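See below:
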């Protein structure tokens, strides 16, 4: 007890002593704690200052600060404030020592000491001073909203009406293009931006795009603007391909897209940009386009915008101008001191906002005296007009910039032009030294961004479409250039001395430069040359001693001028897109160089002298495709290098190389080529790509821009490289922001094996084509939750064959919390996307896309043990796009839902009724098991649905579940409905639905719905009044469109809104409107109706409809074979004459109406005063004269045009109508307005010229199906009428003139002014034009299917085509060259200056574009070249220049395929020598590969030739050809010939000593009926690698190998050995009797498969050496007998597993199978019996022991007399139980599968087809045994 007490007392004393000691310490350690708190405050302040400096830097670069950084700063500020408050507490003064050493006021000392101690403990726990952030900011992605930012926008009353009119035009569905025009600086861009902003707020458009066009449009740059605003990136593609990609992307937005094209100066082809206009997009309505320009003529005439949709933005009035000026200048309205000056200045600005804002900003916060001085300056300029006023105001703004630095930056911005890259401006600033006190690129970036913002505030710069760029108004730029002086061409010699900067953008310097020029003050020289042959003289730079910036683009520097060494002050050198030689060592002497760029130049290696550039800060080697090696100690010696770029440059790095830069962009082919001692973890920014570059462009994932500040990694590590051994890569994972992973060896778990810290900074993750990754996050038994991907925004997983789960681990709340997009494709093992526990993290998720994941069962896997449907809800609050099935979900904001390729029977359950109330768009595609779309209750809940698209749901019969829907309103807001490829759909609507159902439907499209009979049944009469557009296409059974015959008449007729009707390919259509229909509805708003391909339609309109079509503008009827009248005759009408009035009808087209007699059978007249376009073709019975109509009071259709025929602009007629017009209407009159004329079926040219002499303004002439041999003949042969008309054709089109032999361009010089020429199917035309013809104006040339032409034009004609932009030549059989030599004129050079697109398609004999060697071709602008099916074209020509060409396309479209080897001729040889060629040889080509082409095909590995009746020879062997005498060895592995009915030989001569095919592995010959032998003997002896030989249906084949001449002479025994042949398949060759006719020995030692079927003359097994290793064999009765009788070893067929018994002799009936022979096949697993005549039973009752023991598969085919299989026989039963596959086909007498119960316990597949007598398959007991059955097929 004492011990216990003693211990307790001791512990108490220890505890008490500790407490006492601590409290006493508050007194005596007070000073020490006080100082410690001050120390920690200092540490916190320093840490905060360090982070704040980083924050300030990135804010200057327009980046956003991370949330955790902001929270830390806020927390630190609070702590510092709290601790400083403690330090400055007045009570500290009361603790001083006042008596001896004992402290004064113990109470204060105790309290303060206690507080200090607690603070120190708090500080140590939180460790705020020790916080480190990997990154403090993130880059904001370009926002579409920023493009429409109208900073400081002012609304003016004078413009309110204009803006309202523009807004109304945007709302009008009939208006597709809108124009806005006004003088420069009036504010057009501001107005359209504000209108677009309001339109988007009102949700008129899903997408709004703006692009700046400028005075000199750069198509690719404009495409880039559009693409960036669409969220896509275009990289290194031709203009056409880029346009196609943009067009597809825009079409996804349907018609709800507004595109603003700002600042047009001239007409622009929208198709080149990729904008789908209404004219080009077929059914797609296109998008709405808003144009701005200074010229109304550009908008209305060149862009074809209606004047009613074109609006003027005028100047603002004087009062508004004064108010704006004061507001911008900061003058209060009540301040009258400035009134007089403000009025004077505003008047000078002439109501132009740009001038008012510029001068207002300059005068902001300036004194009265400054205003007075400005007014005095204005008065001194007595003649100031509008443009001069702008110049004055901009100069004033420039003068008032705060310092010279800002002025210099502004002038440099102007020199660089609109939408320039900010980084390019940074480089110029460094090169020129414009930034005072700035020494690093990083600081220069920040300073330049600040200066740009200041210039924007002064209104001298404006926002661009991207945050990486700035923009400048063209007027402001012109003024700035006038300040700094500008000149477009090389200056005169006497002006050199005064220049400080020379900029020549895209200049054309054709003369040689002076050897040396004296420019002592020159600091900047920038030459961007169009002439790639421009050379710089050697002493050119000698007298430019002050030059600081030198930029040469597109210049020939094969010999770098040595005078470049004189440029000692040079700081920036850019040699881009230049031809560089090897003498670049001079550059190493430029010791002050800060920036060096060799981007896109053809440099092959870096000189060692580059290592001397120790002051270099930026080094750019991007797109140097020929650069392969960087020697050691070059980059590593650049000690202060900050930025290093090597994009698209595949370089092998030296192992000693080190990189010091802070921003790197590097692409290397393999990890092995990268130095091991280089680490990038300290870089501010990096873009590192390892592997094949092209694969890194998939889905939404794109490579970053060159100057984009981001941490980006892309890996595709093939060849078994171990990423775990590459430490430098793993270090980069910690800070990476964008990660792209391809193939990775031995990586199964992304997070745990690559970065266990959870990829804390990663924003974009894409993994492609990886077969090893199983998990993104795998638990591995971890108990604690992981923190993973806290900043990830998008994740794309494509083709991950073994991916099982994304995550199976518990995660912290921060994991995936920012994920917005997840896209998954072809992940075959993935069963679900998310575990239920992960859903709560996905609060930001907006898009889920899942495609081709065969095993996917659910989006969210719900653990039933821990969660229940009732208790837990799966909620994605931000989801917009989703593919989801069979889950109770709540997605209140979901607007777009698309279900594609999902095998579900039901989309929604009853619980889903209120979960999709905001759904706007619903698409269902290829859901094959759906029988209906949705129930009425579900449809009623989709109250906001606006678009419904259903396609390819093959089982769907109804849209709605058949149920009572009485008075239920469904889809009240639905606007667009589309049903496509619905094979069984027979009902769209349901009767008795509510009156407000489909009330707002304005567009209905139905295509290929084969079971529909009626579109609008009677019960829909009151429910489609809002419908504007109706399109019905290719519906086989549709009989009626509007079927309202049984509806009783009402007092009031309802007016419909139907505008547009398009009906096509409706073969059963009888009525559009029924003739006997009561007048129930009005169709008076109909504007356009087109019907084509309705052979049972007898009329179009009932009389009551035709009488009300006052708004009709377009009428087209074609291919309605039985139609006799357009308007049905009303039997009840009286005999009064009916007048059909169509006041707005603009176009009438009647085509192929063979029975049409008249417009209306009864008395009538026609009035169409607005008719502009008329086409009548093949209406043979159409009455043209009153005498041709039985009713004399009926007016002929053509006669109805008499009053307006002289107003026609377009006319298309066939012979009958043309003759009538010539005789009765036009006579001697002239048709001034006709611009387009199409004539068909003319017999001679007399009528043609009669017309041409009366059409003074004709621009386009089309002739089709005419019968004349020549068109234009010499003038002496034409009798010209005395009519003052001169033909001015611009376009000529000739189609199907099959008798035409000569056009005659040379006979009429005016024809040589053509701009467009199209010639098609003129099969007798041998020459397009004579050599004397010149086409100086021609821009488009297209010639197709003119089979007799050997060339297209002569060299002299080609030289004249200086304006040609597009040329297409296709489907010629005889053409050998495009351009033929003109022997009368020595043409040495042909320059196609404007040609951008050239297509050569299916020109089978074309060998070159021109075959004469002396002529050089230049294609300065060519960027799209297509060469397809031109197999003999191994050389294009002597192409001297094609600078823009980077691809040669062989396949165009979605499966685009192209080649490029750096040179056009080399590329063509590559195409010809590609490893795989396929020929679908249509036409007359008899030789597939001529002898002169053979040398180019040595690398060919696969050749397919098929489908031709003309081909006789595949390989043409010409032993006289020098090229083929060298003994060519081919790499060909696979050869296939199919459907070549006249093929005589594959090799036309014995190729011995000429060509060899030792690599041939597989030969397939099928359907070559004239082939006698396959291989020449010399070739067959050298087929050591042949593995498979397949020959089918070659009815003339007598031997496989032909007999050689030498063998025939000497009678020697030929040896044929095929050591690799494993498969031989011979089928249906009745004449084949042997392998080789002469003496021979054949060995196939490893042959495993031998199928010989229907080859009755061929005997097998003449040698047993061919047999022992056989595993598969087919036999006929002859060979069965041979094998049965022969004395072969018993185990000869011991390895045979597959046996096919095919009995070919119809007369030789069998009653049983050859079981004696089958007994010799002990390992048989697969038995097939086919065509055994007389066989009634397979397995007889007598016992056959020892056979079929291993049988697993039994196939019985075409056994027409088979009555019993016998599987129930007692001796067969044990074997039946082992069967896995049983197939019965064409056993027409077989009634039962088995007669008694048989157990098929292992059967997996059962197929029964065409067994017509079979009553049932098996008994109930047999069926119970089928526990393993997987496939059951009964046909």
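Numbering (the UniProt record's numbering), first residue to last: 1 to 1835.
By construction, the Cβ of each residue, glycine as well, lies at the ideal position given by its N, Cα and C atoms.
Values in this document were obtained by computation on a predicted structure and should not be read as measured data.
What number of angstroms, rounded off, separates the C-alpha of residue 1533 from the C-alpha of residue 229?
Rounded to whole angstroms, residue 1533 and residue 229 show a C-alpha spacing of 48 Å.
Looking only at C-alpha atoms, which of 466, 1615, 789 and 1543 sits nearest to residue 1568?
Cα-wise, what sits closest to residue 1568 is 1543.
Could you give the C-beta distance for residue 1790 and residue 1762, rounded to a whole number, given that I count them as a contact under 8 Å?
Between residue 1762 and residue 1790 the Cβ distance is about 5 Å, and since that is below 8 Å, they are a contact.
Kindly identify the DSSP beta-bridge partner or partners of residue 1426.
The secondary-structure analysis by DSSP pairs residue 1426 across a beta bridge with 1399 and 1449.
As a quick exercise: from 805, 801 and 1055, pick the residue whose alpha carbon is nearest that of residue 779.
Closest option to residue 779, Cα to Cα, is 805.
Contacts around residue 158, its chain only, beta-carbon distance under 8 Å, and the 5 residues preceding and following it disregarded:
For residue 158, where only same-chain residues beyond five positions count, the Cβ hits under 8 Å are 314, 316, 317 and 320.
Cβ-based burial, residue 1139 [other Cβ within 10 Å; buried from 16]:
Around the CB of residue 1139, fewer than 16 other CB atoms lie within 10 Å, so the residue is classed as exposed.
For the beta strand (DSSP E) containing residue 469, list its first residue and its last residue.
Unbroken beta strand (DSSP E) run through residue 469: 469–471.
For the alpha helix (DSSP H) holding residue 322, just list the boundary residues, first then last.
Taken as a continuous stretch (DSSP letters only), the alpha helix (DSSP H) holding residue 322 covers 318–329.
Straight-line Cα distance separating residue 1415 from residue 1382
In this structure, the CA atom of residue 1382 is about 11 Å from the CA atom of residue 1415.
Rounded Cβ spacing between residue 1622 and residue 1587 (contact assumed at less than 8 Å)
A Cβ-Cβ separation of about 6 Å places residue 1622 in contact with residue 1587 under the 8 Å criterion.
What is the DSSP secondary structure of residue 835, counted as helix, strand or coil?
Three-state DSSP puts residue 835 in a strand.
So what does DSSP say about residue 345, is it helix, strand or coil?
Residue 345 carries a helical assignment under DSSP once its states are collapsed to helix, strand and coil.
Once DSSP output is grouped into helix, strand and coil, what is the label at residue 740?
Strand, per DSSP.
Residue 1163 and residue 1136 closer than 8 Å at C-beta
In this structure, residue 1136 lies closer than 8 Å to residue 1163 by Cβ.
If we ignore side chains and look at the alpha-carbon of each, how far apart do residue 639 and residue 611 end up?
Spanning the two alpha carbons is a distance of roughly 10 Å.
Helix, strand or coil at residue 416 [DSSP, three-state]:
DSSP places residue 416 in helix when its eight states are reduced to three.
On a Cα-Cα basis, can you pick out the residue from 37, 36, 35 and 78 that is closest to residue 48?
That would be 78, whose Cα lies nearest to the Cα of residue 48.
Pull up the distance between the alpha-carbon of residue 239 and that of residue 848, whole angstroms please.
Within the model, the alpha-carbon separation for residue 239 versus residue 848 is close to 32 Å.
Apart from the five residues on each side of it in sequence, which residues of its chain come closer than 6 Å, Cβ to Cβ, to residue 1805?
So the list reads 1781 and 1831, once near-sequence residues are dropped.
Which of helix, strand or coil DSSP assigns to residue 141
Confidence in residue 141 is poor, its pLDDT being 47 and thus under 50, which makes the residue's placement too unreliable to answer from.
Just verifying my parser: in three-state terms, what is the DSSP assignment at residue 260?
Strand.
Residues in the same chain with beta-carbon distance under 8 Å from residue 1259, minus the five sequence neighbours each way, listed in chain order, please.
Apart from sequence neighbours up to five positions away, the residues of its chain that approach residue 1259 with a beta-carbon distance below 8 Å are 1235, 1236, 1288, 1289, 1290 and 1291, ordered along the chain.
Have a look at 526, 584, 1213 and 1654 and flag the residue whose alpha-carbon is nearest the alpha-carbon of residue 424.
Comparing C-alpha distances from residue 424 to each of 526, 584, 1213 and 1654 shows the shortest one belongs to 526.
In the DSSP assignment, find the unbroken alpha helix (DSSP H) run with residue 1219 in it and report its ends.
Under the DSSP assignment, residue 1219 falls in the alpha helix (DSSP H) whose first and last residues are 1215–1220.
Residue nearest to residue 1770 in terms of C-alpha spacing, selected from 550, 52, 1093 and 1794
That would be 1794, whose Cα lies nearest to the Cα of residue 1770.
In the DSSP assignment, find the unbroken alpha helix (DSSP H) run with residue 431 in it and report its ends.
422–432 is the extent of the alpha helix (DSSP H) around residue 431.
Give the secondary structure of residue 454 by DSSP, where H, G and I count as helix, E and B as strand, and everything else as coil.
In the three-state reduction of the DSSP assignment, residue 454 falls in the helix class, which pools H, G and I.
CB residue 1125 to CB residue 1180, shorter than 8 Å?
Contact annotation: residue 1125 and residue 1180 have beta-carbon atoms that are not nearer than 8 Å.
Just to confirm, are residue 1695 and residue 1726 a CB contact at a threshold of 8 Å?
Their beta carbons are not under 8 Å apart, which means residue 1695 does not touch residue 1726 by this criterion.
Apart from the five residues just before and just after residue 128, which ones in its own chain have a Cβ nearer than 8 Å to its Cβ?
These residues qualify, in order along the chain: 44, 47, 72, 75, 76 and 79.
Beta-carbon proximity of residue 770 to residue 742, cut-off 8 Å
With contacts defined by Cβ atoms closer than 8 Å, residue 770 and residue 742 form a contacting pair.
Helix, strand or coil for residue 621 per DSSP?
In the structure shown, residue 621 sits in coil (DSSP, three-state: anything other than H, G, I, E or B).
Assign residue 505 to buried or exposed, taking buried as 16 or more other Cβ atoms, counted over all protein chains shown, within 10 Å of its Cβ.
With fewer than 16 other beta carbons inside 10 angstroms of its own, residue 505 counts as exposed.
When we look at the beta-carbon of residue 992 and count the other beta-carbons within 10 Å, is it buried (16 or more) or exposed?
Looking at its Cβ environment, which holds fewer than 16 other Cβ atoms inside 10 Å, residue 992 is exposed.
Hey, out of 969, 975 and 923, whose CA is closest to residue 952's CA?
When the alpha-carbon of residue 952 is set against those of 969, 975 and 923, the nearest one is in 923.
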